[in-house]
Each structure stands twice: as structure tokens, then as C-alpha cells.
Amino acid sequence: MTMAAAPAGAERVRPMTADEKRVIFASSLGTVFEWYDFYLYGSLATIIGAQFFSQFDESTRNIFALLAFAAGFIVRPFGALVFGRIGDLVGRKYTFLVTILIMGLSTFIVGLLPSSTSIGIAAPIILIGLRLLQGLALGGEYGGAATYVAEHAPQGRRGFYTSWIQTTATLGLFLSLLVILFTRTIAGEQAFAAWAWRVPFLVSIALLGISVWIRLQLNESPAFQKMKAEGTVSKAPLSEAFGQWKNMKVVIIALVGLVAGQGVVWYTGQFYALFFLQSILKVDGYTANLLIAWSLLIGTGGFVLFGWLSDKIGRKPIILAGCLLAALTYFPLFTALTGSANPMLEKAIETAKVQVVADPADCGDLFNPVGTRKFTSSCDVARDALAKSAVKYSTTAGPAGQPAKINVNGTDVAVFADGKASPDLTKNLTAAIVAAGYPKAGDPSIVKMSHPFDIFRPQPFKVIAILFVLVVYVTMVYGPIAAALVELFPTRIRYTSMSLPYHIGNGWFGGLLPATAFAMVAQTGDIYYGLWYPIVIALITFVLGLILVPETKDRDIYADD
1 MTMAAAPAGA ERVRPMTADE KRVIFASSLG TVFEWYDFYL YGSLATIIGA
51 QFFSQFDEST RNIFALLAFA AGFIVRPFGA LVFGRIGDLV GRKYTFLVTI
101 LIMGLSTFIV GLLPSSTSIG IAAPIILIGL RLLQGLALGG EYGGAATYVA
151 EHAPQGRRGF YTSWIQTTAT LGLFLSLLVI LFTRTIAGEQ AFAAWAWRVP
201 FLVSIALLGI SVWIRLQLNE SPAFQKMKAE GTVSKAPLSE AFGQWKNMKV
251 VIIALVGLVA GQGVVWYTGQ FYALFFLQSI LKVDGYTANL LIAWSLLIGT
301 GGFVLFGWLS DKIGRKPIIL AGCLLAALTY FPLFTALTGS ANPMLEKAIE
351 TAKVQVVADP ADCGDLFNPV GTRKFTSSCD VARDALAKSA VKYSTTAGPA
401 GQPAKINVNG TDVAVFADGK ASPDLTKNLT AAIVAAGYPK AGDPSIVKMS
451 HPFDIFRPQP FKVIAILFVL VVYVTMVYGP IAAALVELFP TRIRYTSMSL
501 PYHIGNGWFG GLLPATAFAM VAQTGDIYYG LWYPIVIALI TFVLGLILVP
551 ETKDRDIYAD D
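Going letter by letter, the sequence shown gives residues 1 to 561 in UniProt numbering.
Right, dumping it as C-alpha cells:
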């Protein structure tokens, strides 16, 4: 099943062969695993915390569950280095066969892992170890899949072929939601929390079995086979990729001129939008997930559309246009999202006047990426409480040495009592902001869906339409990115070179976005201020990409072999 690279022009209009479809399908299943596991762990983080960190109080166990989740993101670039090197030394097929085995088995073992009540501290240690293995494997999975598909694609169709890998995020999301919903319905909530939560992790073995069986049928990439036969395989991919300025310069350009912007636009359109709906607009989790799921379902075809279009007009103009459009329209789009999803909140932001009156020396920073910080100063406690309540506020200098107070339309709310946070702070603050026009939790004016197909009423329909625009930006930047990265690097170090900027851009620039953006919201009291993070990064990518990134759609990726 070997497919040689086709000459330009000869195969531009022919349909995919059965073998090419199998290559794309086999490569894409790794991305399905990635997102299936991502949404499984995110959806079940509270239950996982209770199972594996039960020796701690509820808030602390949730923090540890989030830290275990974050560990998978942190190690992704290191996985890119480890498996990228192996992929350039040994081959694409066997390397990403190993990565999917590690990913799949780690997910499956989480479903078998005894809880901390059974084996004590060993349970959370093993869990974190499995998350680290998943992160490392994922660091090698995407680069291998993208490289493998691109090296099979006919000249002039790499954007279209590799774009199919990007669509599988939606499949992974829906698969995880369906498995969780089905298991919860069959087992019931009590049984699900006790033991049935393991089922979604255990059934992943079926995905793994299919993936491994299909990948075993595949041959090595024709480009790597040719390079191996000619004896031109790199003997030191890491030093060649990152130790020589000629290539390291291209890695840096790929990161700042393409992937950093792509990463923040992607995470804003999916994950920060979900966070914004739930944590700031106070939309219930069921509804928020359905709204995001519908926008993704409707918009997923954009990945293939923009991948195909990038073969016609280029990768660079589409990716950079997505970054620019996002940067220019995020403020009006998120403002419209507030007005559609929670109209009372939009009105309250305009009419209510809320101030934190505090000694400036008492006010620190509120950056709290994984929720581990406990604020002790009265100013920080006040601002954190307001941010969590999605209240727009300003900070005014108060008397030196005096504890902070919150003033809501002329009514003071005490923050401290007897030198520590008042036990009545939440109750008193809620009463004051509701009186000022802010909606209560569960207010009927907040968008709510009663079932998955409750999308034709004006309010959810409008919210989905706004989210769809955000998803279109995601498809613009993400659809062509695999082809763009593959085409920047020579075959001998392609796997290594493209994987590192991809996982730094998406794992770090993108992965840190929700926490960084919310910290900016909490620090300033402006629910939209966090958008400056993706806007600035996207604009930097637009400018640097325009100047530094070459167009690669017509590049012969074997020319330097």
C-alpha cells in the first residue's frame, strides 16, 4: 500500500484512492483519542478528584485533579522532542503506532486504576504518571499523523488531505459526550459517581484496537522509505533541527508567525468561549456544552473547506486572515454573546456602579491558573469574589491600613470580619448585586436548553450563530496549519521540527489562555479584558507572519532530500 508522491498537476483533480482514505482515517484516529480523552477528563474532573484525591478536602481534591489534567499539557513539547526524534530516525509509521498505544493504554488503565481509598497515595501518583505518559505520547502523535498524511498526499492537495485530521476534534467531543450520557442514563447518577464513571475510559480500548489494527496495515511513508533507501536519514535529528540556526530560525518563525496565533484563536473559539459561557455568563454546564457542541458540529466542515482552499490560494493568507479577523471582532462578538446569553448581565454592567475601596498596598495580582491560590488580603478577596460573580467593578484607593470594602450603587458590603474574610461575604454581596440589577443564578433570562435539539428558539439560535462565527475563525487557522508546518521543513527532520512549535503554540500559548484571560478579568474588573490576551498574540502572529513566513503551497517537500 505504498503511494509515491505524484507530480504536480497530474493528480490535482482526481478523487482520493481507497488507500489514501485509509491513510487519513488511520492517522486521524489518534486525534479522536486526543479529544475523547480531553473531554472525558474535563467532564469528569470532579469525580476523578473524589476517587483519587479523597484524602483531601473537596476544594483541594478538585485542585489536584486539575493539576493532573494540566500535567498532560505541560509535557507535550517534550513528547514532541522525544517522539519527533524517533520518527525521523526510525520512521513515521512505527513511531505513531507507539504513540497511539501509549495514549490508548493510559486512558484504558485510568478506568482500571483502584481509588485512593483502596491503595492510598499510590493511586494519585499512578494517575499523574498516566497523564504524563498521555501528554508525552500526544506530543508525538499529531506531528506523526500530519507528516504521514502529507507525505502520502499528491502535490497540490496536501492542505485538503491534512485538513481531515483537524475535523476529528468534533468526533472526539461527540463520542465522549455520547458515552458519558449513555452510561449516566443506564447506570444512574449514584452508580455513575461510584463506579460507572470508569466505563467511558474502559470502552476506549475499542478505539485503540481499531486504530492499531488499521495502522498495522499501513506501509511506511514513501518519502521516508526513499530517504532510508538512499541512506540520507538524519543521524541526529535534534541537533540538526535545533542546533543549526538555518533550521532553528524556521522553527521560531513557524511558532511566532503561524502557530502562536493559531493556538490562541483555536482555544478562544472553543475552550474560552465555553469558560466564558459557564463562569462569566452563568450558563448552566449542560446548556453551555450543547451550545458549543452545536457550533462545532455546524462549523466542522470549515476545516476541510479551508484546507482545500489553502491548496488554491495558499496557507499563509487563510491562517493570517483568521488571526486578523479574530483580533478585530472578538470584542463585539463576545459583547453580543453576553447580550444574547445573559441580557440582564449586559444591562447590569452598563447601569450598576461597583467599586472596591481598598488600600493600594493591599491589592496584589490574581493570577491563579489552576485554582491553588488562597487569597488572604481583603482587596484580593473582594476582587476575586466579584470576578467569580461576573461583576464589572473598578478599584479606588482607600485609607491606608484599612480593610477593603465593596460599594454597590452606594451600598457598602464588608469584606473582612475580625481580621479575616467575612463568612457572610457571599450572601451579602449576592444580595447587593441582585438589588443592583445583576441576575441571580438560574435566572430565566439566561439561555437554557431543555434538550439537545432545543436550538430553534431565538435565544439559543442566536447564541449558536455567534459561536459559529468563532468556530469559523478556528477552522481558518487550524484547517491549513498541518500542511503549512509540514512544508516548512525537509523530510529528514520534518517530524521533529514541526512537532515542537505546534505543541508549544497549542499546549502553552493556547493551553494557558483560559487561566490567563480570567486572571486579567479578575485583576481589572472588566469581563472582556481577558480577550486582550488572544487579540495581542493573534496580531503579533499576523504582523510577523506577514513579514517572515513564506508561502509554501507549491513547494516541493522533497526538494531538499
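Beta carbons are placed, not taken as given, at the ideal position from N, Cα and C, and that holds for glycine.
Nonlocal neighbours in the same chain, by C-beta distance under 6 angstroms from residue i, ignoring five residues either side
i, result
"L548", "I253 and G257"
"G269", "L470, V471, Y473 and V474"
"N428", "V413"
"L202", "G111"
"A382", "V356, A404, I406 and V415"
"I481", "Q262"
"I280", "A390 and I527"
"E34", "L138"
"A432", "V408, T411 and V413"
"K235", "none"
Residue i to residue j span [Cα, whole Å]
i, j, result
"G84", "T232", "17 angstroms"
"I48", "G79", "24 angstroms"
"L177", "L40", "8 angstroms"
"G530", "A223", "44 angstroms"
"S389", "A400", "27 angstroms"
"Q402", "D359", "7 angstroms"
"T107", "L513", "25 angstroms"
"S116", "L181", "26 angstroms"
"R555", "F271", "34 angstroms"
"I557", "R494", "10 angstroms"
"L29", "V82", "21 angstroms"
"A517", "M498", "27 angstroms"
"residue 562", "A522", "The requested residue 562 is not part of the displayed model; the chain covers only 1 to 561."
"L130", "L175", "21 angstroms"
"Q55", "R61", "8 angstroms"
"Y438", "K392", "10 angstroms"
"D443", "S211", "46 angstroms"
"V90", "G510", "30 angstroms"
"A260", "I504", "8 angstroms"
Cβ-based neighbour list, residue i, same chain, cut-off 7 angstroms, excluding 5 preceding and 5 following
i, result
"L544", "V256 and G257"
"P460", "L291, V447, M449 and D454"
"T322", "The sequence given here places Gly at residue 322; Thr does not occur at that position. These residues qualify, in order along the chain: V265, Y473, M476 and V477."
"W164", "I24, S28 and V304"
"M248", "F242"
"T17", "none"
Contacts around residue i, its chain only, beta-carbon distance under 8 angstroms, and the 5 residues preceding and following it disregarded
i, result
"L127", "I48, F52, A68, V110 and L113"
"I464", "L291, W294, S295, I298 and I455"
"L325", "Y473 and M476"
"L44", "I180, W197 and P200"
Nearest candidate by alpha-carbon position, reference residue i, set the options
i, options, result
"G143", "G285, W195, D88 and G129", "D88"
"V23", "L333, L216, G314 and T287", "L216"
"L345", "A441, T376, V265 and G302", "A441"
"T491", "H451, D365 and A146", "A146"
"L320", "I210, E551 and A194", "E551"
"T287", "G479, R76, A341 and L309", "A341"
"L171", "K226, D365, T300 and A150", "T300"
"D384", "L366, L207 and A515", "L366"
"T426", "T396, A387 and G398", "A387"
"F275", "L309, F334 and P237", "F334"
"I318", "L173, L133, A483 and A65", "A483"
"K316", "E240, L485 and S221", "L485"
"V283", "V250, S239, I313 and L337", "L337"
Cβ distance (whole Å) where residue i is taken to contact residue j below 8 angstroms
i, j, result
"I86", "T95", "5 angstroms"
"K462", "D311", "34 angstroms between Cβ atoms; not a contact."
"K21", "L218", "Between L218 and K21 the Cβ distance is about 12 angstroms, and since that is not below 8 angstroms, they are no contact."
"Y330", "I535", "6 angstroms"
"I74", "G140", "That belief does not hold up - the Cβ atoms of I74 and G140 are roughly 15 angstroms apart, past 8 angstroms."
"S378", "G525", "Between G525 and S378 the Cβ distance is about 16 angstroms, and since that is not below 8 angstroms, they are no contact."
"G104", "L207", "7 angstroms"
task = Entirely within the segment 155 to 211 and at least 4 residues each: give me those alpha helix (DSSP H) ranges in chain order.
result = 158 to 187 and 198 to 202
key: beta strand (DSSP E) segments (min. 3 residues) lying fully within the segment 330 to 378   = 354 to 358
key: Whole alpha helix (DSSP H) elements within the segment 384 to 444, 4-residue minimum   = 425 to 435
ask   = Of all the alpha helix (DSSP H) runs that stay within the bounds of the segment 269 to 300, which reach a length of 4 or more residues?
value = 285 to 299
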